[in-house]
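Structure first, commentary second.
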Amino acid sequence: MEPVISLGNGTAELGGHPVLRGVDLTVHPGEVVALLGANGSGKSTTVRAVVGQVPLTGGELRLFGTPVREFRDWQRIGYVPQRSTAAGGVPATVREIVAAGRLARRGLRPLRRADRAAVDRALAVVGLADRGREPVGSLSGGQHQRALIARALTTEPDLLVMDEPLAGVDLASQQVLADTLDRLAGEGTAVLVVLHELGPLAPLIDRAVILSGGRVERTADRPEQLPDAHPCHPADAVEPSARPQLQPGIL
Amino acid sequence: MPEFLEPAFMQRALLAALLIGVAAPSVGIYLVQRRQALMGDGIGHVALTGVALGFLFSTSHVWMAVLVSVAGGVIMELVRYSGKARGDVALAMMFYGGMAGGVMIVNVAPGGTTANLTSYLWGSITTVSPSDITTIVLLTAVVLLIAFGLRRQLFSVCQDEEFARVTGLPVRLLNLLLAVTAAATVTVAMRVVGLLLVSALMVIPVVAAQQTARSFAATLGLAIAFGVTVTLSGTVSSYYVDVPPGATIVLLAIGLFALTALLATPLARRRARRAARAGAPGAAPAAAPAH
């Protein structure tokens, strides 16, 4: 089957400094791949390159078999950026934020009834169906993150790209995220997720790619063992929460 | 008919006030959302150079101001996009360059002095001519068409630009369109409140509205209602009391902001109490642990 993401020897720079020094990454349909690594290892840059937001200075990137320069089918990709980017200067409801995702299908045309139905479905998937009319500012960190995931799901994407979705998210919400991802992966959606620690997502991950200094340090097909073997950050090693003690089902 | 509606100049003034009361917050909301509340001020200063060029070439001051401020808005957007200069530095250059350019050019113009610029700096709503009204109606129509027709798209770009790019929206085009729309609004509003106070009408009704509104749509609706209220009441009061309309409008807007700021906290408390009462049984969020 054709890979959803195929990145070969990808290099990229930020402000003239090389950040990616030859990253290889392949994600197949229905596969859940985690990108791990210390701060500054190139995790976020890799996903931002995949969604076309950081230009590659070398290597080849194909999305659904199409070279990224020719790729126009962005509605097939749901992107969940780091949460800090979602706060604007004017109040907005959860629904207004989530509806923005639907523009991947509508472009410059106004939203229709079918789009509103898609927004309803996306809100229901992340368990926010009854919070649509609330301002995003009133949500907890976890609920906020779920709203951003709902925004990415409005187009029913074939690939979900998430940058640190567990950062600042309480354990209960982490479990909701894990359940949501489990269901999506079961339906054939490929997932590329940047993680600082695996947490409740550990059992879902098919493959973990560990980056270090802008290169793939190693790839693990049994990532449940990873946090013990490879702390992402020196501080994690002494943090009990860094070890996946909270197995699914405990909540 | 009320007395203030009888003179033709007042009819024109009130029509101009109504249109700008609707248009300024409709565009300003996106600038506030993008945390660029002062962009209107930058464009206003550049528009002064346009007005002065109108004197120099003896052409329409308003259309010259439209041309130059659109150019200023586009340049500022391109500078922001290239990331070569910080946004506030680009804005500062526009403030000073626009002002100095305007003063220099109007003094070079035959028979021109800085006194010619006064009515544009502080507004002169009671001298709005029938041809000014045509221009104002035309520009307002364009502004509202963009601000409302592309509401979702502009919202997305101003809320989270990177996400908007990934959805495939033409983000650069939308940003340029917003800059052009802001420039058109500034030139429409300069006759009403003056170039130095123009941005107040784009910003204050919006920040007053967001004290109490919970959604973007409600903020927009309330901001327009506030905008129209202050422009109309300011124009009418300046008819009866001998006060400058532009300054009256802006001071009324600030008063409205102070009032909404005072009301915001008790209103939020009441809402929270009502939500707690309504949601008490079985209102636990879906994410709450089952135990």
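Listed in order, the protein sequences are those of chains A and B.
The opening residue of the first sequence carries number 54 in the working numbering; numbering runs sequentially from there.
The opening residue of the second sequence carries number 17 in the working numbering; numbering runs sequentially from there.
Backbone N, C-alpha and C define an ideal beta-carbon position, used for all residues, glycine too.
Source: prediction; values computed, not measured.
inquiry  = Any C-beta of chain A within less than 8 Å: which residues of the segment 23–51 of chain B qualify?
reply    = Those would be I45, V48, Q49, R50, R51, in chain order.
key: Backbone secondary structure at A238 (chain A) - three-state DSSP   = As a working note, residue 238 (chain A) is residue 185 in the first sequence. Correct three-state label for A238 (chain A): helix.
Whole-angstrom C-beta distance between S254 (chain B) and T245 (chain B), which should lie under 8 Å = The residue given as residue 245 (chain B) occupies position 229 in the second sequence. The residue given as residue 254 (chain B) occupies position 238 in the second sequence. The beta-carbon distance between T245 (chain B) and S254 (chain B), rounded to whole angstroms, is 15 Å. This is too long to meet the 8 Å contact definition.
ask   = Got a sec? Which residues, its chain only, sit under 6 Å from G111 (chain A) by beta carbon, not counting five neighbours each side?
value = Against the first sequence, residue 111 (chain A) aligns to sequence position 58. So the qualifying residues of the chain are T64.
query = Can you check whether the CB of T203 (chain B) is closer than 8 Å to the CB of L161 (chain B)?
reply = Reading the second sequence from its first residue, position 145 is the one you call residue 161 (chain B). Reading the second sequence from its first residue, position 187 is the one you call residue 203 (chain B). For L161 (chain B) and T203 (chain B), no; Cβs fall outside 8 Å.
ask   = If we cut at 8 Å on Cβ distances, does E93 (chain B) have a partner in chain A?
value = In the second sequence, the residue the question calls residue 93 (chain B) occupies position 77. It does not: the Cβ of E93 (chain B) has no partner Cβ on chain A nearer than 8 Å.
query = R125 (chain A) versus chain B: which residues are under 9 Å apart at the beta carbon?
reply = Within the first sequence, the letter at position 72 stands for residue 125 (chain A). Within 9 Å Cβ-Cβ: G184.
message = Among the candidates B:T247, B:P221, B:V252, B:G250, whose CA atom is the shortest distance from the CA of G237 (chain B)?
response = As a position in the second sequence, residue 237 (chain B) is number 221, starting the count at 1. Nearest C-alpha to G237 (chain B): B:P221.
inquiry  = Once the 5 residues before and after F232 (chain B) are set aside, which same chain residues still bring their CB inside 7 Å of it?
reply    = Locating residue 232 (chain B) in the second sequence gives position 216, counting from the first residue. Correct list, in chain order: F171.
query = If A195 (chain B) and V187 (chain B) are in contact, beta carbons under 8 Å, what's the gap, nearest whole angstrom?
reply = The residue labelled residue 195 (chain B) in the question sits at position 179 within the second sequence. The residue labelled residue 187 (chain B) in the question sits at position 171 within the second sequence. Their Cβ separation, rounded to whole angstroms, is 13 Å, which puts A195 (chain B) and V187 (chain B) out of contact at 8 Å.
key: Under 7 Å by beta carbon: chain B residues contacting T146 (chain A)   = Position 93 of the first sequence, counted from the start, is the residue given in the question as residue 146 (chain A). Here the neighbours are R230, S231.
ask   = Taking 7 Å as the line, does the beta carbon of G75 (chain A) fall inside it for any heavy atom of the ligand FAD?
value = The ligand FAD is not among the ligands present in this structure, which contains no ligands whatsoever.
request  = Would you mind telling me which residues of chain C sit closer than 7 Å to S98 (chain B), beta carbon to beta carbon, in chain order?
outcome  = Among the chains of the structure shown, chain C does not appear; the protein chains present are A and B.
inquiry  = Please state the DSSP three-state secondary structure of P221 (chain B).
reply    = Position 205 of the second sequence, counted from the start, is the residue given in the question as residue 221 (chain B). In the structure shown, P221 (chain B) falls within a helical segment according to DSSP collapsed to helix, strand and coil.
key: Through-space distance from G75 (chain A) to G68 (chain A), alpha-carbon basis   = Taking the first residue of the first sequence as 1, we reach residue 68 (chain A) at position 15. Taking the first residue of the first sequence as 1, we reach residue 75 (chain A) at position 22. Their backbone Cα atoms lie some 18 Å apart in a straight line.
key: Members of the segment 208–225 of chain B that neighbour chain A once the beta carbon cut-off is set at 8 Å   = V222: these are the residues of the segment 208–225 of chain B whose beta carbon lies less than 8 Å from some beta carbon of chain A, given in chain order.
ask   = Can the beta-carbon of V18 (chain A) be found closer than 8 Å to that of T233 (chain A)?
value = Summary: the structure shown does not reach residue 18 (chain A), with chain A confined to residues 54 through 304, and so no result is reported for it.
query = Quick one, which of B:D148, B:T129, B:G99, B:T228 has its alpha-carbon nearest A33 (chain B)'s?
reply = Taking the first residue of the second sequence as 1, we reach residue 33 (chain B) at position 17. Nearest Cα to A33 (chain B) within the set B:D148, B:T129, B:G99, B:T228: B:D148.
query = For G237 (chain B), does the three-state DSSP call read helix, strand or coil?
reply = Taking the second sequence and counting its residues from 1, the one referred to as residue 237 (chain B) is at position 221. DSSP, read as helix, strand or coil, puts G237 (chain B) in helix.
task = Enumerate, from N- to C-terminal direction, the unbroken beta strand (DSSP E) stretches of 3 or more residues contained entirely within the segment 71–135 of chain A.
result = If you keep only unbroken beta strand (DSSP E) runs of at least 3 residues inside the segment 71–135 of chain A, you get 85–90, 111–116, 130–133.
ask   = Mapping DSSP to helix, strand and coil, what is P188 (chain A)?
value = As a working note, residue 188 (chain A) is residue 135 in the first sequence. It is a strand residue.
query = Do you know how far the Cα of W79 (chain B) is from the Cα of I59 (chain B)?
reply = Against the second sequence, residue 59 (chain B) aligns to sequence position 43. Against the second sequence, residue 79 (chain B) aligns to sequence position 63. Computed Cα separation, rounded: 14 Å.
Interface residues of chain B facing E209 (chain A) [CB-CB closer than 9 Å] = Stepping through the first sequence from its first residue, residue 209 (chain A) is reached at position 156. Chain B residues near E209 (chain A): none, gap ~14 Å exceeds 9 Å.
message = I'd like to know if G154 (chain A) contacts chain B, where contact means its C-beta is closer than 8 Å to some C-beta of that chain.
response = Numbered from 1 along the first sequence, position 101 holds the residue referred to as residue 154 (chain A). For G154 (chain A), at least one C-beta of chain B is nearer than 8 Å to its own C-beta.
query = When the Cα of A199 (chain B) is compared with those of B:R28, B:H77, B:A81, B:G70, which residue comes out closest?
reply = What you label residue 199 (chain B) is simply residue 183 of the second sequence in a count that begins at 1. Out of B:R28, B:H77, B:A81, B:G70, B:A81 has the C-alpha closest to the C-alpha of A199 (chain B).
request  = Give the secondary structure of T228 (chain B) by DSSP, where H, G and I count as helix, E and B as strand, and everything else as coil.
outcome  = Within the second sequence, the letter at position 212 stands for residue 228 (chain B). In the three-state scheme derived from DSSP, where H, G and I count as helix and E and B as strand, T228 (chain B) is classed as coil.
key: Secondary structure of L213 (chain B), DSSP reduced to three states   = By one-based count along the second sequence, residue 213 (chain B) stands at place 197. Collapsing the DSSP output to three states places L213 (chain B) in coil.
request  = Classify D176 (chain B) as helix, strand or coil using the three-state DSSP reduction.
outcome  = Within the second sequence, residue 176 (chain B) is the residue found at index 160, counting from 1. Of the three classes helix, strand and coil, the one that applies to D176 (chain B) here is coil, per DSSP.
ask   = Can at least three beta-carbon pairs, one atom from the segment 208–215 of chain A and one from the segment 180–191 of chain A, be found at a separation below 8 Å?
value = No: the two stretches stay apart, fewer than three of their Cβ pairs being nearer than 8 Å.
query = F171 (chain B) CB to nearest chain A CB: under 8 Å?
reply = By one-based count along the second sequence, residue 171 (chain B) stands at place 155. Yes, its Cβ sits closer than 8 Å to a Cβ of chain A.
ask   = Whose Cβ in chain A lies nearer than 7 Å to the Cβ of F242 (chain B)?
value = One-based indexing of the second sequence puts residue 242 (chain B) at position 226. Close to F242 (chain B), with beta-carbon spacing below 7 Å, lies no residue of chain A; the smallest spacing is near 14 Å.
request  = Measuring alpha carbon to alpha carbon, tell me which of A:R101, A:I58, A:L230 ends up nearest V86 (chain A).
outcome  = To locate residue 86 (chain A), count along the first sequence from 1; it is residue 33. Across the set A:R101, A:I58, A:L230, the C-alpha of A:I58 shows the shortest separation from the C-alpha of V86 (chain A).
request  = Leaving out five residues on either side along the sequence, give the residues of the same chain with a beta carbon under 7 Å from the beta carbon of L54 (chain B).
outcome  = For the purposes of this step, residue 54 (chain B) is taken as residue 38 along the second sequence, with counting starting at 1. Closer than 7 Å at the Cβ level, and outside the excluded window around L54 (chain B), lie L107, S215.
message = T208 (chain A) and D154 (chain A) - do their beta-carbons sit closer together than 8 Å?
response = For the purposes of this step, residue 154 (chain A) is taken as residue 101 along the first sequence, with counting starting at 1. For the purposes of this step, residue 208 (chain A) is taken as residue 155 along the first sequence, with counting starting at 1. It is worth fixing the name first, because residue 154 (chain A) is Gly in this sequence and not Asp. In contact: G154 (chain A) and T208 (chain A) (Cβ atoms closer than 8 Å).
request  = Taking all protein chains shown into account, decide if P253 (chain A) is buried (16 or more other Cβ within 10 angstroms of its Cβ) or exposed.
outcome  = Looking up residue 253 (chain A) in the first sequence gives position 200. Looking at its Cβ environment, which holds 16 or more other Cβ atoms inside 10 Å, P253 (chain A) is buried.
ask   = Given that G53 (chain A) touches chain B, what residues does it touch there, using C-beta distances under 8 Å?
value = There is no way to answer for residue 53 (chain A), as the model of chain A reaches only from 54 to 304.
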